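First up is the structure itself, then whatever we jot down about it.
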Ligand code: PLP
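Residue numbers (this note's numbering): 53 to 448.
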């Protein structure tokens, strides 16, 4: 019997075996340190947890409207309006995490064979979701010299009659790059001139560490506003990954389609988590300021360490909580009888030798880069960087 062809082309993550090995080592009592965290190490702020407890105790435990509660959709729309984006609540759909929002978006816009341009390096989930819904991911590689930000010329080069949309992720996972207004304007002009859509993944929008302001491409004029679908969520900003709340801001017709799809798949996002999300958005933002301060200190530290370690380098990130590290100069060497061909081999050897986990970026389309997350304590970062340094000094 043949299973779903769409399901069978989904790529299992290349990092899975590495994670399994690290977990096995931990279970054996080995002191393994990890730079692989995709979520903040901070506890969820207490006023957010309290709102969840109140929701539970007061019996807010039943179905909600498919697109989310009115109060939460209005709170999200208000937040956008404060930033100059004129969404009303009917254009906001709350879903079960950012990943779910993205899945709904592609379900709503893709027909079989439609192409979606993904600038690489990319967050590894994008191509897989596009394939699940019958679309075709079209990868366009960006360059280090432009801080891995895609340009209009690069987009023009891969555009075809079948192009339906382009994905922009600012701040980016895995590079931490943040697009400027000028850069986004160029992309917006491309999108409008081709009459396609842009999916703007803004889940890290509040985690930027220099003077740069987050700019949403949707804010750059009426024409691009009509062609933008924003995907965002609370997982990263408020350390709420387990609550599973993401949301979409979209043109009315697309928002309606997403709401219909969601009504038949998950019915609605979790009722308790929606109350917690409302508290996160409407409550004090001091928790975000504090978290950002810690991330910013860690980022400065980790970048200083990278500068001091031979053969590796990184473009300094401006947002999110990852550093995308060039290890190309470390490839080709034989370590303990095994040739280090790519980032997976390097990460494996590092784990074996120093009990230190990093994310090889093969699945992000760069097999000569690793990703270091600094969503771990400063102490863990210090020890981990010591291990990476001693590994490189030992073998190179
Ligand atoms: N978008 C990007 C770029 C991410 O890195 C992530 C999580 O790692 C998400 C979306 C989805 O987040 P979640 O589904 O946990 O809300």
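Idealized CB from N, CA, C, for every residue including glycine. Because the structure is a prediction, the values reported are computed rather than measured.
- Inclusion of residue 221 in the 8 Å shell around the ligand PLP follows from its C-beta lying nearer than that to a non-hydrogen atom of the ligand.
- By the C-beta density criterion, residue 138 is exposed, having fewer than 16 other C-beta atoms within 10 angstroms.
- Residue state for residue 158 is assigned as helix, using DSSP reduced to three classes.
- In this chain, the alpha helix (DSSP H) harbouring residue 179 covers 177-184.
- The residue among 68, 239, 186 with its C-alpha nearest the C-alpha of residue 159 is 186.
- As computed with DSSP, residue 408 is found in a beta bridge with 85.
- Residue 305 and residue 228 have their C-alpha atoms roughly 32 Å apart.
- DSSP lists no bridge partner for residue 330.
- Counting along the chain, the unbroken beta strand (DSSP E) around residue 282 starts and ends at 280-285.
- Assignment of residue 90 by DSSP, reduced to helix, strand and coil, places it in the coil class.
- Residues 87, 88, 89, 90, 373, 374 of the same chain have their beta carbon placed closer than 7 Å to that of residue 425, with the five preceding and five following residues left out of the count.
- A distance of 9 Å or more separates the beta carbons of residue 331 and residue 145.
- Shown here, residue 417 sits in coil according to DSSP, grouped into three states, outside any helix or strand.
- Distances from the alpha-carbon of residue 396 to those of 358, 356, 415 put 415 closest.
- Pairing residue 221 with residue 254, the inter-Cα distance amounts to about 6 Å.
- Segment contact: the region 292-300 against the region 147-159, three or more CB-CB distances shorter than 8 Å; contact assigned.
- By the criterion of a C-beta distance shorter than 7 Å, residue 191 is surrounded in its chain by 170, 172, 417, once the five residues flanking it on both sides are discounted.
- For residue 75, the CB stays at least 8 Å from every heavy atom of the ligand PLP.
- Per DSSP, the beta-bridge partners of residue 390 are 387.
- Cβ-Cβ separation between residue 108 and residue 436: approximately 38 Å, too far for a contact (criterion under 8 Å).
- The way I'd put it, the region 404-412 doesn't touch the region 331-347; fewer than three beta-carbon pairs between them come closer than 8 Å.
- Taking the Cβ of residue 253 as the reference point, at least one heavy atom of the ligand PLP falls within a distance shorter than 8 Å.
- Within the model, the alpha-carbon separation for residue 317 versus residue 379 is close to 42 Å.
- A heavy atom of the ligand PLP is found nearer than 8 Å to the CB of residue 296.
- Of the residues assessed, residue 119 falls on the buried side of the cut-off, its CB having 16 or more other CB atoms within 10 angstroms.
- Within the same chain, and ignoring the five residues on either side of residue 277 in sequence, the residues whose Cβ sits closer than 7 Å to its Cβ are 270.
- Nearest to residue 153 by C-alpha distance, out of 388, 286, 257, is 286.
- As for any alpha helix (DSSP H) of minimum length 4 sitting wholly inside the region 302-353, the runs are 304-317, 323-334, ordered along the chain.
- Counting along the chain, residue 221 sits inside the beta strand (DSSP E) bounded by residues 215-221.
- Residue 253: not part of any alpha helix (DSSP H); member of the beta strand (DSSP E) spanning 249-253, first to last residue.
- Ranked by Cα distance from residue 432, the first of 445, 382, 398, 350 is 350.
- Counting the other Cβ atoms within 10 Å of the Cβ of residue 257 gives 16 or more, which makes it buried.
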